[in-house]
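What follows is a short report on a single structure.
Residue numbers (the numbering used here): 91 to 253.
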């Protein structure tokens with residue numbers, strides 16, 4: 091095996107099939123990192139829990155909702171909710187057993203206010219050059235090309251790194 095095959099095996103695999111949809115998340119966490127006491131910073135490893143995984147823990151474990159009801163609130167299928175929750179539980183267990191810190195960040199989320207209304211800023215954004223144009227209802231932003239650079243647009247606040 092040469093160098094090329096080694097670098098290919100380290101790349102993040104391309105996920106075939108349907109794209110990951112946004113998950114509705116209510117609010118932001120008050121704290122974003124939890125560190126165990128008695129572990130030196132040089133030996134401390136991080137476990138990253140995404141915001142959608144935290145939301146699944148909140149709905150299922152804190153509020154005690156059934157998976158079907160919680161999945162409806164997050165706007166995902168019950169099976170997807172179960173996978174998100176299972177991933178979150180495994181990460182928390184790993185951090186607790188191994189003495190790792192837990193950091194909360196990222197995820198494919200759509201912010202939602204506590205009253206159940208999605209946060210709809212009404213702006214389409216180009217992630218490449220930052221150009222913003224008004225969103226027109228009925229036309230998905232992803233079908234539009236940026237007027238400046240020609241790349242696809244995304245809806246601000248929906249599964250993007252632009253806030």
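Backbone N, C-alpha and C fix where the C-beta goes; we use that ideal spot for every residue, glycine too.
Since the model is a prediction, treat every value here as computed from it, not as a measurement.
### Residue range of the unbroken beta strand (DSSP E) whose run includes residue 136
Reading the chain shown from its first residue, position 46 is the one you call residue 136. Note, residue 136: beta strand (DSSP E), 136–139.
### Message
Taking 7 Å as the threshold (C-beta atoms), are residue 235 and residue 197 in contact?
### Response
Within the chain shown, residue 197 is the residue found at index 107, counting from 1. Within the chain shown, residue 235 is the residue found at index 145, counting from 1. For residue 197 and residue 235, no; Cβs fall outside 7 Å.
#### Entry: Cross-strand partners of residue 244 (DSSP beta bridge)
Sequence index remark: in the chain shown, residue 244 carries index 154 (1-based). DSSP, once it has assigned bridges, lists 215 as partnering residue 244.
### Closest residue to residue 189 among 213, 240 and 130 (Cα-Cα distance)
On the chain shown, position 99 is the one that residue 189 refers to. For residue 189, the nearest C-alpha among the options comes from 130.
### Task
Would you mind working out which of 178, 146 and 169 sits nearest residue 117, comparing C-alpha positions?
For this step, residue 117 is matched to residue 27 along the chain shown. Comparing Cα-Cα distances from residue 117 to each of 178, 146 and 169, the minimum goes to 146.
### Message
So the candidates are 194, 166, 241 and 181; which of them puts its Cα closest to the Cα of residue 214?
### Response
Here residue 214 is taken as the residue at index 124 of the chain shown, counted from 1. If we check each option's Cα against that of residue 214, 241 comes out closest.
### Message
Relative to the C-alpha of residue 229, which candidate in 139, 219 and 212 has its C-alpha closest?
### Response
As a first step, residue 229 is located in the chain shown; it is residue number 139 there, counting from the start. Here the closest residue by C-alpha is 212.
### Task
Please work out which residues of its chain come closer than 6 Å, Cβ to Cβ, to residue 136, disregarding the five sequence neighbours upstream and downstream, and give them in chain order.
As a first step, residue 136 is located in the chain shown; it is residue number 46 there, counting from the start. 191 and 193, listed in sequence order.
### Query
What separation, rounded to the nearest whole angstrom, lies between the Cα atoms of residue 232 and residue 132?
The residue given as residue 232 occupies position 142 in the chain shown. The residue given as residue 132 occupies position 42 in the chain shown. Cα to Cα, residue 232 sits roughly 43 Å from residue 132.
### Message
On the CB-based measure, 16 or more other CB atoms within 10 Å of its CB, does residue 180 come out buried or exposed?
### Response
Counting from 1 along the chain shown, the entry for residue 180 is found at position 90. It counts as exposed.
### Cut-off 6 Å between Cβ atoms - residues of its own chain near residue 185, not counting five sequence neighbours on either side
Mapped onto the chain shown, residue 185 falls at position 95. Correct list, in chain order: 137 and 192.
### Query
By the 10 Å Cβ neighbour count, where 16 or more other Cβ atoms means buried, how is residue 140 classified, buried or exposed?
In the chain shown, the residue the question calls residue 140 occupies position 50. It is buried - the Cβ of residue 140 has at least 16 other Cβ atoms within 10 Å.
### Task
Specify the secondary structure class of residue 180 as computed by DSSP and reduced to three states.
Taking the chain shown and counting its residues from 1, the one referred to as residue 180 is at position 90. Looking at residue 180 - three-state DSSP - the assignment turns out to be helix.
### Message
Let me make sure I understand the geometry here. Which of 126, 115, 175 and 151 has the alpha-carbon closest to that of residue 187?
### Response
Here residue 187 is taken as the residue at index 97 of the chain shown, counted from 1. The residue with the shortest Cα to Cα distance from residue 187 is 126.
### Query
residue 217 and residue 244: beta carbons closer than 7 Å?
Taking the first residue of the chain shown as position 1, residue 217 is located at position 127. Taking the first residue of the chain shown as position 1, residue 244 is located at position 154. It is a contact, given that the beta carbons lie within the stated cut-off.
### Query
Between residue 252 and residue 246, what straight-line distance do the alpha-carbon atoms span, to the nearest angstrom?
As a position in the chain shown, residue 252 is number 162, starting the count at 1. As a position in the chain shown, residue 246 is number 156, starting the count at 1. Any answer about residue 252 is weak, because its pLDDT of 40 lies below 50 and its placement is not dependable; what the coordinates show is given next. Cα to Cα, the separation comes out at about 6 Å.
### Query
Is it the case that the Cβ atoms of residue 168 and residue 157 are separated by a distance below 7 Å?
Working through the chain shown from its first residue, we reach residue 168 at position 78. Working through the chain shown from its first residue, we reach residue 157 at position 67. Going by C-beta atoms, residue 168 is nearer than 7 Å to residue 157.
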